[in-house]
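Student: Letter by letter, the sequence shown follows residues 55 to 295 in our numbering. Every residue gets a Cβ at the ideal spot worked out from N, C-alpha and C, and that includes glycine. To start, I am sharing the structure in question, which I have written as structure tokens.
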Amino acid sequence: MDCPKPMMKLSVYQLGLVEYPAAEELQKWLAGEIAAGRQTPALLLLEHPHVYTFGRQGNQSHLLWSAEELNKKGISLHWTDRGGDITYHGPGQLVGYPIIPLADLDTLGYLRKLEEVLIQTLADFGIQSERVEGQTGVWVSSEGDNPAPQKIASIGVRVDANRITRHGFALNVAPDMSYWDGMLACGLENQAKTSMAQLLPLTPSVEQVIPQVIDRFSAVFNAQASALSLPDFPGGRKANV
55 MDCPKPMMKL SVYQLGLVEY PAAEELQKWL AGEIAAGRQT PALLLLEHPH
105 VYTFGRQGNQ SHLLWSAEEL NKKGISLHWT DRGGDITYHG PGQLVGYPII
155 PLADLDTLGY LRKLEEVLIQ TLADFGIQSE RVEGQTGVWV SSEGDNPAPQ
205 KIASIGVRVD ANRITRHGFA LNVAPDMSYW DGMLACGLEN QAKTSMAQLL
255 PLTPSVEQVI PQVIDRFSAV FNAQASALSL PDFPGGRKAN V
């Protein structure tokens with residue numbers, strides 16, 4: 055008879071609005087601390103100011119707006135080491151960065167678990183969502199003349215040499231959807247996007263969605279979550295993070 059696996063202790067940090075480079079720096083620091091046994095596994099929950107990020111498969115030709123347009127709209131650019139191509143982050147989008155050891159879970163299994171967290175979270179708000187075969191992320195089915203599924207959550211991760219995860223997911227709660235017009239998301243033309251705000255009669259806030267994400271993440275990953283204050287870290291800018 056197999057013994058149940060012990061629950062993972064999970065530190066949850068709710069950080070508010072965070073510049074992308076500061077969040078990336080914090081992820082790398084936490085990954086090193088967790089690998090060394092000085093910090094427990096962590097889940098960072100936050101929003102970013104307007105930013106387009108390129109992953110390891112990034113192609114700058116998939117950026118459609120000029121430098122002048124980017125500057126006018128207050129959008130920064132950032133290259134990163136996650137998987138995938140170009141994506142957008144901005145206010146009204148809940149971003150989650152799990153910094154956890156995978157142990158015997160492979161990367162594909164980890165991606166499917168992240169999708170499950172988001173599918174269950176959306177179901178808590180009455181939104182039925184799904185996976186699309188051959189792609190990573192979460193979609194909702196469309197109705198009417200265009201039956202193509204609409205993407206409501208994106209996922210892009212990095213697993214380091216110590217099998218610690220970085221980067222994670224972005225759930226469209228109530229962002230300004232016009233910012234997707236400036237890029238070919240994931241390098242795909244005409245990829246339909248949606249948000250919780252577009253699907254629900256009452257627009258939820260990011261703060262209202264966070265507790266459900268924590269509960270669902272804890273259940274899917276067999277974790278015991280504790281909300282903590284941000285630790286001090288070398289080079290960190292606590293006031294900005």
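Compare the C-alpha of L98 against each of V227, E123, L71, H116 and name the closest.
Tutor: Mapped onto the sequence shown, residue 98 falls at position 44. For L98, the nearest C-alpha among the options comes from L71.
Student: Just reading off the beta strand (DSSP E) that V72 is part of, what are its end residues?
Tutor: As a position in the sequence shown, residue 72 is number 18, starting the count at 1. Premise fails: V72 is in no beta strand (DSSP E) and is neither H nor E.
Student: Count the other C-beta atoms from every protein chain shown that fall within 10 angstroms of the C-beta of M237, then say buried if there are 16 or more, exposed otherwise.
Tutor: Taking the first residue of the sequence shown as position 1, residue 237 is located at position 183. Looking at its Cβ environment, which holds 16 or more other Cβ atoms inside 10 Å, M237 is buried.
Student: Who does R212 pair with in a DSSP beta bridge?
Tutor: The residue labelled residue 212 in the question sits at position 158 within the sequence shown. BP columns for R212 point to R220.
Student: Select from F275, N226, S65 the residue whose C-alpha is nearest the C-alpha of Y142.
Tutor: Your numbering for residue 142 matches position 88 in the sequence shown. Ranking F275, N226, S65 by Cα distance to Y142 puts N226 first.
Student: Mind checking A277: buried by the 16 CB within 10 Å criterion, or exposed?
Tutor: Within the sequence shown, residue 277 is the residue found at index 223, counting from 1. With 16 or more Cβ atoms within 10 Å of its Cβ, A277 is classed as buried.
Student: Run through DSSP, which three-state label would A177 get?
Tutor: For the purposes of this step, residue 177 is taken as residue 123 along the sequence shown, with counting starting at 1. Helix, per DSSP.
Student: In terms of DSSP beta bridges, what is I140 paired with?
Tutor: The residue labelled residue 140 in the question sits at position 86 within the sequence shown. For I140, which the question treats as bridged, DSSP gives the partners F108.
Student: Please report how far the alpha carbon of G128 lies from the alpha carbon of K59, in whole angstroms.
Tutor: Residue mapping note: residue 128 aligns to position 74 of the sequence shown, counting from 1. Residue mapping note: residue 59 aligns to position 5 of the sequence shown, counting from 1. Approximately 47 Å between the Cα atoms of the pair.
Student: Which term fits D135, buried or exposed, when burial requires 16 or more other beta carbons within 10 angstroms of its beta carbon?
Tutor: By 1-based counting over the sequence shown, the position of residue 135 is 81. By the 10 Å Cβ count, D135 comes out exposed.
Student: Based on DSSP bridge pairs, tell me the residues matched to L225.
Tutor: Counting from one through the sequence shown, the residue named residue 225 turns up at place 171. Answer by DSSP bridge pairing, in chain order: L148, A207.
Student: So, do the stretch 139 to 157 and the stretch 98 to 118 have three or more beta carbon pairs nearer to each other than 8 Å?
Tutor: Touching, per the Cβ criterion.
Student: Rounded to whole angstroms, what is the Cα-Cα separation between R220 and L159?
Tutor: In the sequence shown, the residue the question calls residue 220 occupies position 166. In the sequence shown, the residue the question calls residue 159 occupies position 105. Rounded to the nearest angstrom, the two C-alpha atoms are 15 Å apart.
Student: So, for D178: in the same chain, excluding its five sequence neighbours on each side, which residues have a beta-carbon less than 7 Å away from its beta-carbon?
Tutor: For this step, residue 178 is matched to residue 124 along the sequence shown. These residues qualify, in order along the chain: Q266.
Student: Can you pull the DSSP bridge partners for M237?
Tutor: On the sequence shown, position 183 is the one that residue 237 refers to. DSSP lists L117 as partners of M237.
Student: Leaving out five residues on either side along the sequence, give the residues of the same chain with a beta carbon under 8 Å from the beta carbon of E184.
Tutor: As a working note, residue 184 is residue 130 in the sequence shown. Cβ within range, chain order: I173, V192, W193, V194, S195, P203.
Student: Leaving out five residues before and five after L131 in sequence, what residues of the same chain have Cβ atoms less than 6 Å from its Cβ?
Tutor: What you label residue 131 is simply residue 77 of the sequence shown in a count that begins at 1. The residues are Y106.
Student: Could you say which of P229, I140, G210 lies nearest to E169 if we only look at CA atoms?
Tutor: For this step, residue 169 is matched to residue 115 along the sequence shown. When each option's Cα is compared against that of E169, the closest is G210.
Student: Could you spell out where the beta strand (DSSP E) holding E184 opens and where it closes?
Tutor: The residue given as residue 184 occupies position 130 in the sequence shown. Element bounds for E184: n/a, residue is neither H nor E.
Student: Does the Cβ-Cβ distance between I153 and A96 come in under 7 Å?
Tutor: The residue given as residue 153 occupies position 99 in the sequence shown. The residue given as residue 96 occupies position 42 in the sequence shown. Yes. Within cutoff.
Student: Once the 5 residues before and after K126 are set aside, which same chain residues still bring their CB inside 8 Å of it?
Tutor: The residue given as residue 126 occupies position 72 in the sequence shown. Correct list: empty, nothing qualifies.
Student: Do A246 and F223 count as a contact pair if the criterion is CB distance below 7 Å?
Tutor: Translated into the one-based positions of the sequence shown, residue 223 becomes position 169. Translated into the one-based positions of the sequence shown, residue 246 becomes position 192. Going by C-beta atoms, F223 is not nearer than 7 Å to A246.
Student: Among residues of its own chain, excluding the 5 on either side of W234, which ones have a beta-carbon nearer than 8 Å to its beta-carbon?
Tutor: Position 180 of the sequence shown, counted from the first residue, corresponds to residue 234. Excluding positions up to five away in sequence, the list reads Y142, K247.
Student: So, using beta-carbon positions, are R270 and V171 closer together than 7 Å?
Tutor: Residue numbering aside, residue 270 sits at position 216 when the sequence shown is read from its first letter. Residue numbering aside, residue 171 sits at position 117 when the sequence shown is read from its first letter. Yes. Within cutoff.
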